[in-house]
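Visitor: As you go down the protein sequences, you meet chains A and B in turn. For the first sequence, the working numbering begins at 153 and goes up steadily by one. For the second sequence, the working numbering begins at 149 and goes up steadily by one. Backbone N, C-alpha and C fix where the C-beta goes; we use that ideal spot for every residue, glycine too.
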Amino acid sequence: MSSSSSRANSSAGAALTPSSLPSPSSPSFLPTPASSSSSSTSFSSTMTTTTTASNAAPLGDSASWAVLLVATLVKLLLLPAYRSTDFEVHRNWLAITHSLPLRQWYTEDTSQWTLDYPPFFAWFEWLMSQVAVLVDPAIVVVSNLEYASSATVTFQRLSVIVTDIVLFYGVQQYVNTFRGNKDLYKSFIVTIFIVLNAGLLLVDHIHFQYNGILNGVLLLSIAAIQKGHDLIGGLLFAVLLNLKHIYLYLAPAYFVFLLRHYCFAAASSGSGSDAASVQRSRFVIGNFLRLGAGVAAVFALSFGPFLLEGQLGQLLSRLFPFKRGLCHAYWAPNFWALYSALDKVLIYAGPRLGLWPMPEHVTASMTGGLVGDVSHVVLPTVPPVATMVLTLLFMLPILVVLWRRPTMPMFLRSVVVCAYASFLFGWHVHEKAIVMVVLPMSLIAVQHANDGKWFLLLSASGLYSLLPLIFEPREFFVKHLIVLSYVLLVYCALRVLFRGLALDRSSGSRAPFRLNRLEKAYLFGFAAVELYTEVLHPIFLPNWLPFLPLLLTSVYCSAGVHYTFVRFYNESLHHWRASNLSPTPSISTSNASKRHS
Amino acid sequence: MNSMELQSALASSSFVAIVEQERLQSQAAILVATLALLVRAAVGLYPHSGQATPPMYGDYEAQRHWMEITLHLPPAEWYHNSTSNDLLYWGLDYPPLTAYGSWLCGAIAHFFDPEWVALDTSRGFESKSSKAFMRATVLVSDLLIFFPAVFLFCRQILADFTRSKQIAIAFMILLQPGLILIDHGHFQYNCISLGLALLAIVAVMRDWDILGSVLFCLSLNYKQMSLYYAPAFFSFLLGKSLQSAHPVLRIAALGVTVIATFALCWLPFLTSIDSVAQVLHRIFPIGRGLFEDKVANVWCAVSVLIKLRAIFEQALLVRISAICTLLAILPSSVNLALRPSQTGFLYALVNSSLGFFLFSYQVHEKSILLVALPASLLLASDPLNAVFFLLLSTASMFPLLHKDGLAIPYAICIVFFVIVVLHMLNVSLQACQHLTTIGKLQLAAVIVCFSGLHLAWYFYIPPAHLPHANLLLFAVVSCASFVLFAVYFNWRQWQLNGVPTSTHKLKHS
Chain A
153 MSSSSSRANS
163 SAGAALTPSS
173 LPSPSSPSFL
183 PTPASSSSSS
193 TSFSSTMTTT
203 TTASNAAPLG
213 DSASWAVLLV
223 ATLVKLLLLP
233 AYRSTDFEVH
243 RNWLAITHSL
253 PLRQWYTEDT
263 SQWTLDYPPF
273 FAWFEWLMSQ
283 VAVLVDPAIV
293 VVSNLEYASS
303 ATVTFQRLSV
313 IVTDIVLFYG
323 VQQYVNTFRG
333 NKDLYKSFIV
343 TIFIVLNAGL
353 LLVDHIHFQY
363 NGILNGVLLL
373 SIAAIQKGHD
383 LIGGLLFAVL
393 LNLKHIYLYL
403 APAYFVFLLR
413 HYCFAAASSG
423 SGSDAASVQR
433 SRFVIGNFLR
443 LGAGVAAVFA
453 LSFGPFLLEG
463 QLGQLLSRLF
473 PFKRGLCHAY
483 WAPNFWALYS
493 ALDKVLIYAG
503 PRLGLWPMPE
513 HVTASMTGGL
523 VGDVSHVVLP
533 TVPPVATMVL
543 TLLFMLPILV
553 VLWRRPTMPM
563 FLRSVVVCAY
573 ASFLFGWHVH
583 EKAIVMVVLP
593 MSLIAVQHAN
603 DGKWFLLLSA
613 SGLYSLLPLI
623 FEPREFFVKH
633 LIVLSYVLLV
643 YCALRVLFRG
653 LALDRSSGSR
663 APFRLNRLEK
673 AYLFGFAAVE
683 LYTEVLHPIF
693 LPNWLPFLPL
703 LLTSVYCSAG
713 VHYTFVRFYN
723 ESLHHWRASN
733 LSPTPSISTS
743 NASKRHS
Chain B
149 MNSMELQSAL
159 ASSSFVAIVE
169 QERLQSQAAI
179 LVATLALLVR
189 AAVGLYPHSG
199 QATPPMYGDY
209 EAQRHWMEIT
219 LHLPPAEWYH
229 NSTSNDLLYW
239 GLDYPPLTAY
249 GSWLCGAIAH
259 FFDPEWVALD
269 TSRGFESKSS
279 KAFMRATVLV
289 SDLLIFFPAV
299 FLFCRQILAD
309 FTRSKQIAIA
319 FMILLQPGLI
329 LIDHGHFQYN
339 CISLGLALLA
349 IVAVMRDWDI
359 LGSVLFCLSL
369 NYKQMSLYYA
379 PAFFSFLLGK
389 SLQSAHPVLR
399 IAALGVTVIA
409 TFALCWLPFL
419 TSIDSVAQVL
429 HRIFPIGRGL
439 FEDKVANVWC
449 AVSVLIKLRA
459 IFEQALLVRI
469 SAICTLLAIL
479 PSSVNLALRP
489 SQTGFLYALV
499 NSSLGFFLFS
509 YQVHEKSILL
519 VALPASLLLA
529 SDPLNAVFFL
539 LLSTASMFPL
549 LHKDGLAIPY
559 AICIVFFVIV
569 VLHMLNVSLQ
579 ACQHLTTIGK
589 LQLAAVIVCF
599 SGLHLAWYFY
609 IPPAHLPHAN
619 LLLFAVVSCA
629 SFVLFAVYFN
639 WRQWQLNGVP
649 TSTHKLKHS
């Protein structure tokens, strides 16, 4: 009916925003952020909502459970989808851990997919193999390579879906720390962003991996720290490192934060908001020893048995195979993708401009179907140590800021920046690692309109870059629709959140959630990339530069990842100065002052 | 729940409230369409009918075979038996528009890989990419025809509702499980014929009668089963014409439109009477018997006790079923012709298609989709019964879907649909306390039947002399509930007459 009356009501609705005050009489699945409607009946119901909403109903929970239910249904629908070799990798690990004694876990090499995750993950596989053997005893036979009976497929797929409960539990633990009356909507959309994350759907439930449970442990660790339990958070992170060592990417942020926040106590009652407080704080040897001993115990538990067998070197060589190249078969959208693309451009441009002759030995690699692991021709070849130095260099500024201001928001930002830096500059980074950036970033996305914007752009560029991972024609529509609907969902949810926050006088942030022209153009540009890579190139230029579609995809996505990295990093560095940027300073400061009383 | 209650229920759902307040209508519409497409695409990952089961395969192979035939043979041979067109192997038995559609898809397939549709040699061809292509053709047809039709219906006909409520209703219509499972799981192109029929419904409800009749003829010429709607269309257009200033002129114009559209569709086959007769013979195969498999209609249900096919001759059965069908649809048609109204038309569509489904000759279990479409349109005026009907109609196809290996998507699609409906209608457990006694009984009956049938399917092992007991159980229980629904929907249509025209006629904006 009339748009005019709804506009008139929207101010009444705005009084309720930003959030999500549930109507206690009608538990629906979603918490309503604010209802304004043209019909008079619903308007009156809105009014009752306003008056009675303060006794927050347990509605947030039912909404979260609904999200979990929907996510599970989607995952079940993906049961027969394409599986990568990672499926066989994990089946093989089930077999190894079930059928072989401990001392052979890291030496067994019947399959080429040897166990190359840390010991706790091996134990996790061992645990699952106890069920697997009941489902189909043939799963756990080491020599049974490429075994994939329908029972095996169902069991392994279900094992990912079931262990995702840890992810859900982790999100719940995290949002419980800030779920007040006001932030119900915030906690709800954080739940959506993580539980329905398109990256996890593609990587875990189509490609096949166990990132859900791993990131669940990460969230549990973050939630523990958020609640002020630094020690538990640190130990959980140590456990996580022993589940999958790629989380070393985040270790610098954890190290600096725990050292500064847990092992140093603020001498004064001040919250330590300036550099001077560093001098005023004193080292608490007890906490330091507690944390050190705890972490050492976790590692001893994990590596100890193998140390006793004298296999530490063997184990480490499995975990860190430095024989691999700078880029993976398909370039992750990081700095090295741009670097390698520039190299390719120079190979062609140089001879044309008369700068150098066309190198002969590269023509073969230039016509390969996949973007292979090429050594650079014109630009200098990058040694592993250079990537490590560059990564640490980019982590340094935020770590310095974190040292000066060890607050929870700053810690989260440091975690994200560390993940970002490792993804962008690391050695042999896989495109799947973008999920490690996107997931912690979803916790920050709801803090400030700009954070939300960077999260949206990062989701679009990072998740789009995952599409080539699933290359069979059957999943063409499924994978695109998963990413498209996720990005749309993120956009709508954030727009609702930040419009509500902008209208709410009491909230600190009033910046609008608005994309500028360039950012909009970038998002719509994905349609052009899609058109070129999937339609124009294969039909009209089938034999010309076969690597070009993949190169274009990773360069275009890389542009978006870099852009959000620079903008987000820049804002995070200034974050501690501008206190109004932080909507939830109370949590961190209260924790810091409570800690050692 | 009536239309007023629906309005407030929708308004209190958070989806509608958020979209309304934030003016996210366009984004919400796109999101709804994307999610509906995602469910379809994901169901398409599951096996299709007759996957890897030679020699006959299933409906998927039929559609693929038609692409092969229409691409490689001239239209004159499409419906005729010949050395290169063995009619016993999935001979073309749909009207010309389907054939043209097959030709178009066949041409595109030929462009990608001639092997997919090579004459004779491609029988039962199932490569990864050819399957992806076939699935894509359904998905694209759905997106291009059925989706716009649904959004157009909500936009044009449900003008009483705000845009965000229209989107909510469109979401529920798009998520009806039966259509998704049959088109994207089992493999058919119902989205095209039903989409065209829905466009025709929108047109005649907006009084664009000529356009409406063209569209309905197209639907008929895509799939002859759209005849189930013919009585409703006929009565509605007749009734409207009779009330107009120049009834004869309007009827003549409609007649000319229909004849012209048909002539155009049949152009390649108008060479001789024989040619037309052959096509007709293919489209209406009398010889196939009263019913196929175990379908939830009256004849199959009665056959449990009385072996009709053994007692009566085929010609007599044809006549009996024709008379019964006519009797079943007559009340609703006469009522609509005398008092044409918008809501009346929607009920008449349900009543005539349900009459056909229950009583006509040679009914397939999938034909219930023809009833489900207009029933889903009633979501806006009679939501609870529409939802119950959609669920029951999907359940009636469970044996077929189970045979196709679609039991998992079947369960998931139903749960998805129920979640969306519960959210949009803001139904909670407490709301059940406010149901009337009849409502409670209905709910209980649906739950008991639903779970009972499925439990029996998996856990009850039938005795040796009744190997199809579970199948029959599904057919008989579904049939009984359809009969009850037929009575109810007819009663509702007649009830409308008691109300002055202005209130039950949905207004235009």
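1) Considering ALA604 of chain B, what are the terminal residues of the alpha helix (DSSP H) in which it resides?
2) Please confirm if VAL191 of chain B has its CB atom under 9 Å from at least one CB of chain A.
3) Look at the alpha carbon of SER517 of chain A and the alpha carbon of GLN466 of chain A, and state the distance between them as a whole number of angstroms.
4) What's the call for VAL596 of chain B, buried or exposed, on a 16-neighbour Cβ count within 10 Å?
5) Would you mind stating whether ALA348 of chain B and LEU366 of chain B have Cβ atoms separated by less than 9 Å?
6) Just the Cα atoms here: how many angstroms apart are SER476 of chain B and GLN510 of chain B?
7) Tell me the rounded alpha-carbon separation between GLY503 of chain B and LEU221 of chain A.
8) Would LEU185 of chain B count as contacting chain A if we go by Cβ distances under 9 Å?
9) Could you tell me how far apart the beta carbons of LEU354 of chain A and LEU370 of chain A are, in whole angstroms, since I believe they sit closer than 8 Å?
10) I need the straight-line Cα distance from PHE507 of chain B to ARG430 of chain B, nearest angstrom please.
11) Measure the C-alpha to C-alpha separation of ALA401 of chain B and ASP357 of chain B and round it to an integer number of angstroms.
12) Can you find a C-beta in chain A that's less than 9 Å from the C-beta of PHE537 of chain B?
13) Please list the partners that GLU624 of chain A has in chain B, where partner means a Cβ-to-Cβ separation under 9 Å.
14) Between VAL569 of chain B and chain A, is there a C-beta pair that is closer than 9 Å?
15) Beta carbon of LEU549 of chain B, beta carbon of LEU230 of chain A: below 9 Å?
16) At the level of alpha carbons, what is the spacing between LEU464 of chain A and PHE458 of chain A?
17) I want to verify the contact list: residues of chain B whose CB lies under 7 Å from the CB of PRO232 of chain A, in sequence order.
18) Would you list, in chain order, the members of the region 528 to 554 of chain B that have their beta-carbon closer than 7 Å to a beta-carbon of chain A?
19) In chain A, what lies closer than 9 Å to THR285 of chain B by C-beta?
20) Starting from the beta carbon of PHE487 of chain A, find every residue of chain B whose beta carbon is closer than 9 Å, and list them in chain order.
21) Closer than 7 Å, Cβ to any Cβ of chain B: which residues of the region 627 to 639 of chain A, in chain order?
22) If you draw a straight line from the alpha carbon of VAL167 of chain B to that of TYR643 of chain A, how long is it in whole angstroms?
23) Can you check DSSP and say which residues form a bridge with ASN233 of chain B?
24) Return helix, strand or coil for ALA186 of chain A, following the three-state DSSP convention.
25) I need the straight-line Cα distance from TYR558 of chain B to ARG398 of chain B, nearest angstrom please.
26) DSSP beta-bridge partners for ARG434 of chain A?
27) Note the first and the last residue of the continuous alpha helix (DSSP H) segment covering THR473 of chain B.
28) State the beta-bridge partners of VAL589 of chain A as determined by DSSP.
29) Would DSSP call VAL511 of chain B helix, strand or coil?
30) Locate the alpha helix (DSSP H) running through ALA300 of chain A, then write down its first and last residues.
31) With a threshold of 9 Å between beta-carbons, can ASN638 of chain B be considered close to chain A, or not?
32) So which of A:PRO625, A:PRO485, A:TYR337 has the shortest CA-CA distance to LYS584 of chain A?
33) Using CA atoms only, rank isn't needed, just tell me which of A:HIS632, A:PHE650, A:CYS570, A:VAL713 is closest to TYR401 of chain A.
34) Counting only Cβ pairs nearer than 9 Å, list the residues of chain B close to CYS644 of chain A.
35) May I ask which residues mark the beginning and end of the alpha helix (DSSP H) holding TRP245 of chain A?
36) Against chain A, with Cβ distances strictly below 9 Å, would PHE564 of chain B count as a contact?
Guide: This is what the structure holds:
1) 585 to 607
2) Interface annotation, VAL191 of chain B: in contact with chain A, CB-CB separation under 9 Å.
3) With a pLDDT of only 49 at SER517 of chain A, under the threshold of 50, the placement of this residue in the model should not be trusted, and no figure is reported.
4) exposed
5) yes
6) At residue 476 of chain B the sequence reads Ala, which differs from the Ser that was named. Using only the alpha carbons, I get a separation of about 16 Å.
7) Near 38 Å, if we compare the C-alpha coordinates of LEU221 of chain A and GLY503 of chain B.
8) yes
9) That pair is no contact at about 19 Å.
10) Distance between the alpha carbons of PHE507 of chain B and ARG430 of chain B is about 21 Å.
11) Near 10 Å, if we compare the C-alpha coordinates of ASP357 of chain B and ALA401 of chain B.
12) no
13) LYS276, SER277, ALA280
14) no
15) no
16) The alpha-carbon atoms of LEU464 of chain A and PHE458 of chain A are separated by roughly 6 Å.
17) LEU193, TYR194
18) none
19) Chain A residues near THR285 of chain B: none, gap ~12 Å exceeds 9 Å.
20) Chain B residues near PHE487 of chain A: none, gap ~32 Å exceeds 9 Å.
21) Within the region 627 to 639 of chain A, the residues whose Cβ lies closer than 7 Å to some Cβ of chain B are PHE628, PHE629, VAL630, LEU633, ILE634, LEU636, SER637, listed in chain order.
22) Distance between the alpha carbons of VAL167 of chain B and TYR643 of chain A: 13 Å.
23) In the DSSP output, where bridge partners are listed per residue, ASN233 of chain B has B:SER230.
24) Confidence at ALA186 of chain A is low in this model, with a pLDDT of 41, below 50, so the placement of that residue is unreliable and no value is reported for it.
25) 46 Å
26) A:ALA417
27) 462 to 486
28) BP columns for VAL589 of chain A are empty, so no partner.
29) strand
30) Careful: ALA300 of chain A lies outside any alpha helix (DSSP H) and carries neither H nor E.
31) For ASN638 of chain B, the closest Cβ of chain A is not nearer than 9 Å.
32) A:PRO485
33) Selected option, being the one with the closest Cα: A:CYS570.
34) ILE166, VAL167, GLU170, LEU172, GLN175, ALA176, LEU179
35) 237 to 251
36) yes
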